[in-house]
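Per the numbering used here, the sequence shown starts with residue 1, numbered consecutively. Written below as structure tokens is the structure these notes are about.
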Amino acid sequence: MGTKGRRQGSGLAGALFTPVQQRVLGLLFGQPERRFQTAELIRLAGSGTGAVHRQLQRLAGAGLVIVSSEGTSGTTRPAGTRRSSPSSTASC
1 MGTKGRRQGS
11 GLAGALFTPV
21 QQRVLGLLFG
31 QPERRFQTAE
41 LIRLAGSGTG
51 AVHRQLQRLA
61 GAGLVIVSSE
71 GTSGTTRPAG
81 TRRSSPSSTA
91 SC
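Next comes the structure, spelled out in structure tokens:
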């Protein structure tokens, strides 16, 4: 069995999370003070639009991230960061 590039799926993270989940979580929680535009997350995660949107919906549903609409684009950030407010809603 060969490997290409980075090894995805090894260790505990690989047992618990899909590669897309690992990349999205790593981006969001690696820089918790930052807001990411949805298109930016899709590009940085190197995944498809649908896969990233599904992960954001799951994370928002679990209360782990705040997804908000600002104009024509959405932004996402981890819940519990200094910019969070109880009136934020989750919508992708």
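Glycine residues also receive a C-beta, built at the ideal position from the N, C-alpha and C atoms.
Outcome for residue i when other beta-carbon atoms lying within 10 angstroms are tallied against a minimum of 16
{"i": "residue 39", "result": "exposed"}
{"i": "residue 12", "result": "exposed"}
{"i": "residue 69", "result": "exposed"}
{"i": "residue 32", "result": "exposed"}
Extent of the continuous beta strand (DSSP E) run through residue i
{"i": "residue 75", "result": "73–78"}
{"i": "residue 70", "result": "65–70"}
Continuous alpha helix (DSSP H) stretch holding residue i: start and end
{"i": "residue 29", "result": "19–30"}
{"i": "residue 40", "result": "38–45"}
{"i": "residue 51", "result": "49–61"}
Cβ separation of residue i and residue j, assumed to be a contact under 8 Å, to the nearest whole Å
{"i": "residue 60", "j": "residue 20", "result": "Not a contact, Cβ separation roughly 15 Å."}
{"i": "residue 65", "j": "residue 28", "result": "6 Å"}
Close beta carbons around residue i, own chain, < 6 Å, minus the five adjacent residues each side
{"i": "residue 36", "result": "76"}
Spatial neighbours of residue i in its chain, beta-carbon cut-off 8 Å, leaving aside the 5 residues before and after
{"i": "residue 63", "result": "79"}
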